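So the protein lines, in turn, are chains A and B. Residue numbers 0 to 326, in numbering that gives the first Met the number 0, belong to the letters of the first sequence in order. Residue numbers 0 to 338, in numbering that gives the first Met the number 0, belong to the letters of the second sequence in order. The C-beta atom is built at its ideal place from N, Cα and C for all residues, glycine as well. Remember, predicted model here, so these are calculated numbers, not experimental data. Following: one structure in structure tokens, then a few remarks.
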Amino acid sequence: MMTETPILSVRDLSVSFAQFDRTISAVHTASFDVARGEVLGIVGESGAGKSLTSMAIVGLIPPPGYIEATSITLEGRPIHNLGPKEIRSVRGRDIGVIFQDPLTSLDPLFTIGDQLIETICTHLPLTVPEARSRAIDLLIEVGIPAPEQRLQSYPHELSGGMRQRVVIALALCAEPKLVIADEPTTALDVSIQAQIIALLLRLCRERGMSIILVTHDMGVIAEAADRVAVMYAGRIVEVGKTRQVVKNARHPYTRGLMGAIPKIGQPRTKLAQISGSMPRPGTEFEGCAFAERCAVAEAKCRSLRPQLLTVDDSYVACHVAASGVGA
Amino acid sequence: MNGPTKPLLQVHDLYKAFPLSSGISLMPGRAKGPTVKAVNGVSFEVDRGQALSLVGESGCGKSTVAKLVTGLHRPDAGYVSINGTNVTELSGRRQLRPFGRRLQMVFQDPFASLNPRWRVGEIIAEPIHAFSLAASRADVSRRVEELLIQVGLSTADAGKYPHEFSGGQRQRISIARALASEPEFLVCDEPTSALDVSVQAQILNLLKDLQDRLGLGLLFISHNLAVVYHVSDLIGIMYLGRLVEFGRADEIFAQPQHPYTRLLLDTIPDLEMRGRSRAPISGEVPNPISPPDGCVFNPRCPLARDVCRTELPPMVTMPSGTSTACHAVANRWGTSEAH
Numbered sequence: 000m001m002t003e004t005p006i007l008s009v010r011d012l013s014v015s016f017a018q019f020d021r022t023i024s025a026v027h028t029a030s031f032d033v034a035r036g037e038v039l040g041i042v043g044e045s046g047a048g049k050s051l052t053s054m055a056i057v058g059l060i061p062p063p064g065y066i067e068a069t070s071i072t073l074e075g076r077p078i079h080n081l082g083p084k085e086i087r088s089v090r091g092r093d094i095g096v097i098f099q100d101p102l103t104s105l106d107p108l109f110t111i112g113d114q115l116i117e118t119i120c121t122h123l124p125l126t127v128p129e130a131r132s133r134a135i136d137l138l139i140e141v142g143i144p145a146p147e148q149r150l151q152s153y154p155h156e157l158s159g160g161m162r163q164r165v166v167i168a169l170a171l172c173a174e175p176k177l178v179i180a181d182e183p184t185t186a187l188d189v190s191i192q193a194q195i196i197a198l199l200l201r202l203c204r205e206r207g208m209s210i211i212l213v214t215h216d217m218g219v220i221a222e223a224a225d226r227v228a229v230m231y232a233g234r235i236v237e238v239g240k241t242r243q244v245v246k247n248a249r250h251p252y253t254r255g256l257m258g259a260i261p262k263i264g265q266p267r268t269k270l271a272q273i274s275g276s277m278p279r280p281g282t283e284f285e286g287c288a289f290a291e292r293c294a295v296a297e298a299k300c301r302s303l304r305p306q307l308l309t310v311d312d313s314y315v316a317c318h319v320a321a322s323g324v325g326a
Numbered sequence: 000m001n002g003p004t005k006p007l008l009q010v011h012d013l014y015k016a017f018p019l020s021s022g023i024s025l026m027p028g029r030a031k032g033p034t035v036k037a038v039n040g041v042s043f044e045v046d047r048g049q050a051l052s053l054v055g056e057s058g059c060g061k062s063t064v065a066k067l068v069t070g071l072h073r074p075d076a077g078y079v080s081i082n083g084t085n086v087t088e089l090s091g092r093r094q095l096r097p098f099g100r101r102l103q104m105v106f107q108d109p110f111a112s113l114n115p116r117w118r119v120g121e122i123i124a125e126p127i128h129a130f131s132l133a134a135s136r137a138d139v140s141r142r143v144e145e146l147l148i149q150v151g152l153s154t155a156d157a158g159k160y161p162h163e164f165s166g167g168q169r170q171r172i173s174i175a176r177a178l179a180s181e182p183e184f185l186v187c188d189e190p191t192s193a194l195d196v197s198v199q200a201q202i203l204n205l206l207k208d209l210q211d212r213l214g215l216g217l218l219f220i221s222h223n224l225a226v227v228y229h230v231s232d233l234i235g236i237m238y239l240g241r242l243v244e245f246g247r248a249d250e251i252f253a254q255p256q257h258p259y260t261r262l263l264l265d266t267i268p269d270l271e272m273r274g275r276s277r278a279p280i281s282g283e284v285p286n287p288i289s290p291p292d293g294c295v296f297n298p299r300c301p302l303a304r305d306v307c308r309t310e311l312p313p314m315v316t317m318p319s320g321t322s323t324a325c326h327a328v329a330n331r332w333g334t335s336e337a338h
């Protein structure tokens, strides 16, 4: 997809959950690349499989879930077939992870300093005093005032925004090339949300780091991502430059999603709405999973699954969009 | 503010503080410990067919106001009146019952606010039974079917349990239940924040539609300014238990006066992607246990001066009709600060 070797390349990633009598597949053959220094947004509604896709990359799918993939490569090195021990050293060292809830991703019984120093010593060959000064540098970098005193604080002594900054510092401990941020701002107030997004973008720029930003919020995507992948019912339905997808989406689902967001300054008429709701994971479709709710669906959409095809400069999985451009 | 006729809902100078210490000292009559002043002198009026939204970040007291209005909390001072009757003074079932009927609530979490062991038909019929609004069983089930259709569900759904529905459908059930007692006023506390955007649009359209059709008064609590823009006629911006700005929605969105309102509007992501860079508000909401002196917003305010750190700014109504509690804004309009 790109001329330069991407930092991360995912091909045909599927995540399934085995049950007694059947297998529920939650992510189907997702393929995408993340370029160096790029922010790739993965957006979708709850249950679309966006979090599973990102967690599968770092091997965080709990049993009975399992992943299948043609390949997942980090700078050309395959990481999809690593054992639990090896993937553990990739996670944290090469790929940093930021979770949604900053309170549950920190251990309440240890100080911020303990947690940062432990993480640094696990991944880098440093002594404790060296790790300590590195921890202070990291806290300064993520904008925490009085970092030396903060090392002694417990997570409950910090506010939500400050905790999320600590979680970001933890993710940066080993200078990862890629950070996966799963809904990093969802648990935060709007004013703090803007601060955290600004921080992530600054770090990305300064360190030449890539970010996979998983969110349900198109606003966050529009603000932060270079490219965006839209997921629906476990499949990527559209990938393109953020500007293209936000302003001129090709897939009817993305268009509906954009229309459903209330926007300030527009006439306050009825919001465009997509009728119905997303099918539950495990529902199998012969055709397009969105056909039931789609306003422009044709007969073909119900019988033949659309593939992710190039339409202009983005990729869209839609029969109607593909035929509309004559591709 | 008082018109010739009584407003549907009038909230006057409400105060509510919650004690902080252990459970035992929550007993009435115990010595006073530290408190969180959740609501600090909030007043507003809402008329029939009007929608008022209260907006603010978490901890600003907006949900507490909703609970005070619905009588789930009792105010420490001030009163809530419905059609001119002071509801706060009433006590006992007999006195409160007629007002409970006229004012209903839709809660945030559609998974927690419906009894999982009751069928949807029973959930919706409960207010009809409670307020004796139907003469016979057949009338009750007719009314339930009517309500289900009104909120966009099918009559067959009455026999199902809540777990068989998605979040958006459950919120429709909550709305049907709230409408069952034919209220004049609906309080919605973050009714869409647990929902996905495509479903949120369905619920917002439904609420707006019902409000127009039934002439409901609406108190809408939200942290999402874009959602608020879509539903409200009036807006109150809250910060640390106080209203800092109040006025017509179109006025406030066109010309926000209070620096907090302006910063809050600035945090809305730019979906038009005009390349506007937004300046995040620095700092965080201060601890409500020990709020700052003077204007509560002063530690984060770019316009803060000495007077802001010592004196609480009064609400000043500007020519546009918007009321703002800010020394700097009052100064700009040439109004005296000592109001």
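inquiry  = Just checking L12 of chain A against the ligand FMN - is the residue's beta carbon closer than 7 angstroms to any of the ligand's heavy atoms?
reply    = Absent from the structure shown: the ligand FMN. Ligands present: none.
task = Grab me the residues of R320 of chain A's own chain with a C-beta within less than 8 angstroms of its C-beta, minus the 5 sequence neighbours each way, in chain order.
result = As a position in the first sequence, residue 320 of chain A is number 321, starting the count at 1. Strictly speaking, residue 320 of chain A in this sequence is Ala, with Arg absent from that position. Cβ neighbours of A320 of chain A beyond the five flanking positions: R249, H250, P251, V310.
key: CB of G48 of chain A within 8 angstroms of CB of A25 of chain A, strictly   = By one-based count along the first sequence, residue 48 of chain A stands at place 49. By one-based count along the first sequence, residue 25 of chain A stands at place 26. Yes, these two residues count as a Cβ contact at 8 angstroms.
ask   = Between the C-alpha atoms of P291 of chain B and K66 of chain B, what's the straight-line distance to the nearest angstrom?
value = As a position in the second sequence, residue 291 of chain B is number 292, starting the count at 1. As a position in the second sequence, residue 66 of chain B is number 67, starting the count at 1. Cα to Cα, the separation comes out at about 25 angstroms.
Within 7 angstroms of chain A by C-beta, residues of the segment 290 to 315 of chain B in sequence order = Within the segment 290 to 315 of chain B, no residue has a Cβ that lies closer than 7 angstroms to any Cβ of chain A.
inquiry  = Tell me which residues of the segment 206 to 230 of chain A have at least one Cβ-Cβ distance to chain B shorter than 7 angstroms, keeping chain order.
reply    = Within the segment 206 to 230 of chain A, the qualifying residues are H215, M217, G218, V219, A221, E222.
key: Distance, V315 of chain B Cα to H338 of chain B Cα   = As a working note, residue 338 of chain B is residue 339 in the second sequence. As a working note, residue 315 of chain B is residue 316 in the second sequence. Residue placement at H338 of chain B cannot be trusted, given a pLDDT of 40 that sits under 50; the coordinates are not used to answer.
inquiry  = Measuring straight from C-alpha to C-alpha, what distance separates A175 of chain B and E121 of chain B?
reply    = The residue labelled residue 175 of chain B in the question sits at position 176 within the second sequence. The residue labelled residue 121 of chain B in the question sits at position 122 within the second sequence. The C-alpha of E121 of chain B is placed about 12 angstroms away from the C-alpha of A175 of chain B.
ask   = Looking at chain B, which residues of the segment 234 to 261 of chain A have a Cβ within less than 9 angstroms of any of its Cβ atoms?
value = Residues of the segment 234 to 261 of chain A with a C-beta less than 9 angstroms from any C-beta of chain B: T241, R242, V245, K246, Y252, G255, L256, M257, G258, A259, I260, P261, listed in chain order.
request  = Check the DSSP bridge columns for H27 of chain A and list the partner residues they point to.
outcome  = Here residue 27 of chain A is taken as the residue at index 28 of the first sequence, counted from 1. Under DSSP, H27 of chain A shares a beta bridge with no residue.
query = Out of B:P318, B:S173, B:A37, which has the shortest C-alpha to C-alpha gap to G246 of chain B?
reply = Sequence index remark: in the second sequence, residue 246 of chain B carries index 247 (1-based). Distance check between G246 of chain B and each of B:P318, B:S173, B:A37 places B:P318 closest, using alpha-carbon atoms only.
ask   = Which class does C203 of chain A belong to by DSSP, given the choice of helix, strand or coil?
value = Here the question's residue 203 of chain A lines up with position 204 in the first sequence. If DSSP states are grouped into helix, strand and coil, C203 of chain A belongs with the helices.
query = CA-CA distance, L339 of chain B and D181 of chain A?
reply = For residue 339 of chain B there is no data in the structure shown, the boundaries of chain B being 0 and 338.
inquiry  = I want to verify the contact list: residues of chain A whose CB lies under 7 angstroms from the CB of Q201 of chain B, in sequence order.
reply    = Residue 201 of chain B sits at position 202 when you count from the first residue of the second sequence. In chain order, Q272 make up the part of chain A whose C-beta sits under 7 angstroms from the C-beta of Q201 of chain B.
query = Secondary structure at Y252 of chain A, three-state DSSP: helix, strand or coil?
reply = Position 253 of the first sequence, counting from 1, holds the residue named residue 252 of chain A. Reduced to three states, the DSSP call for Y252 of chain A is helix.
ask   = Taking any Cβ of chain A, which residues in the segment 222 to 241 of chain B have a Cβ under 7 angstroms from it, in chain order?
value = Within the segment 222 to 241 of chain B, H222, L224, A225, V226, Y228, H229 place their CB atoms closer than 7 angstroms to a CB of chain A, listed in sequence order.
CA nearest to the CA of G218 of chain A, picked from A:R234, A:I260, A:D188 = Indexing the first sequence from 1 puts residue 218 of chain A at position 219. The shortest Cα separation from G218 of chain A among A:R234, A:I260, A:D188 belongs to A:I260.
query = For the segment 29 to 47 of chain B against the segment 208 to 224 of chain B, are there 3 or more C-beta pairs whose distance is under 8 angstroms?
reply = Output reads yes: the segment 208 to 224 of chain B touches the segment 29 to 47 of chain B.
request  = Note down, in chain order, all residues in the segment 149 to 180 of chain A with a beta-carbon under 7 angstroms from any beta-carbon belonging to chain B.
outcome  = Going along the segment 149 to 180 of chain A in chain order, one finds S158, G160 with a Cβ nearer than 7 angstroms to chain B.
Below-8 angstroms beta-carbon distance, G48 of chain B vs any chain A residue = By one-based count along the second sequence, residue 48 of chain B stands at place 49. No, its Cβ sits nowhere closer than 8 angstroms to a Cβ of chain A.
Nearest neighbour of A168 of chain A, chosen from A:T118, A:A228, A:I66 [CA to CA] = As a working mapping, residue 168 of chain A is identified with position 169 in the first sequence. Checking every option, the nearest Cα to that of A168 of chain A belongs to A:T118.
inquiry  = Using 8 angstroms as the threshold, is the C-beta distance between V119 of chain B and A157 of chain B below it?
reply    = Here the question's residue 119 of chain B lines up with position 120 in the second sequence. Here the question's residue 157 of chain B lines up with position 158 in the second sequence. Cβ distance < 8 angstroms, so V119 of chain B and A157 of chain B count as in contact.
Same chain, Cβ closer than 7 angstroms to G275 of chain A, five either side skipped, listed in chain order = As a first step, residue 275 of chain A is located in the first sequence; it is residue number 276 there, counting from the start. E291, R292, listed in sequence order.
query = Do the CB positions of I123 of chain B and L102 of chain B come within less than 8 angstroms of each other?
reply = As a working note, residue 123 of chain B is residue 124 in the second sequence. As a working note, residue 102 of chain B is residue 103 in the second sequence. No, these two residues do not count as a Cβ contact at 8 angstroms.
Whole-number beta carbon distance between V165 of chain A and L105 of chain A, since they are thought to touch under 8 angstroms = In the first sequence, residue 105 of chain A corresponds to position 106, counting from 1. In the first sequence, residue 165 of chain A corresponds to position 166, counting from 1. Indeed they touch by this definition, with Cβ atoms about 7 angstroms apart.
query = Is the segment 54 to 71 of chain B touching the segment 176 to 193 of chain A in the sense that three or more CB pairs, one from each, lie closer than 8 angstroms?
reply = Yes, since at least three Cβ pairs between the segment 176 to 193 of chain A and the segment 54 to 71 of chain B fall closer than 8 angstroms, the two stretches touch.
inquiry  = Within 8 angstroms, do at least three Cβ pairs link the segment 208 to 217 of chain A to the segment 38 to 56 of chain A?
reply    = Touching, yes, given that three or more Cβ pairs across the two stretches are closer than 8 angstroms.
request  = Would you list the residues sitting across from F245 of chain B in a DSSP beta bridge?
outcome  = Along the second sequence, read from residue 1 onward, the residue named residue 245 of chain B stands at position 246. F245 of chain B is bridged to B:G235, B:S322.
ask   = Considering only residues of the same chain and omitting the five flanking positions on each side of Q243 of chain A, which have a CB-CB separation below 6 angstroms?
value = Counted from its first residue, the first sequence places residue 243 of chain A at position 244. The residues are S313.
ask   = Mind checking R76 of chain A: buried by the 16 CB within 10 Å criterion, or exposed?
value = If you number the first sequence from 1, residue 76 of chain A lands on position 77. Note on R76 of chain A: under 16 other CB atoms within 10 angstroms of its CB, so exposed under the neighbour-count rule.
key: Spatially closest choice to I288 of chain B from B:P313, B:G60, B:P161, B:W332, by CA coordinates   = Taking the second sequence and counting its residues from 1, one reaches residue 288 of chain B at position 289. Minimum Cα distance to I288 of chain B is reached at B:G60.
inquiry  = Quick check on the DSSP output: the alpha helix (DSSP H) that includes F98 of chain B runs from which residue to which?
reply    = Position 99 of the second sequence holds residue 98 of chain B. Segment 91 to 101, the alpha helix (DSSP H) holding F98 of chain B.
Buried or exposed (CB count within 10 angstroms, at least 16 for buried), L157 of chain A = By 1-based counting over the first sequence, the position of residue 157 of chain A is 158. The residue in question, L157 of chain A, is buried, as its Cβ has 16 or more Cβ neighbours within 10 Å.
message = So that I know if they touch, is there some Cβ in chain A lying closer than 8 angstroms to that of I267 of chain B?
response = As a position in the second sequence, residue 267 of chain B is number 268, starting the count at 1. Yes, contact with chain A.
key: Spatial neighbours of P268 of chain B in its chain, beta-carbon cut-off 7 angstroms, leaving aside the 5 residues before and after   = What you label residue 268 of chain B is simply residue 269 of the second sequence in a count that begins at 1. Setting aside the 5 residues that flank it on each side, P268 of chain B has no residue in the same chain whose C-beta is closer than 7 angstroms to its C-beta.
request  = Kindly indicate which three-state DSSP category K240 of chain A falls into: helix, strand or coil?
outcome  = By one-based count along the first sequence, residue 240 of chain A stands at place 241. K240 of chain A: strand per DSSP, three-state reduction.
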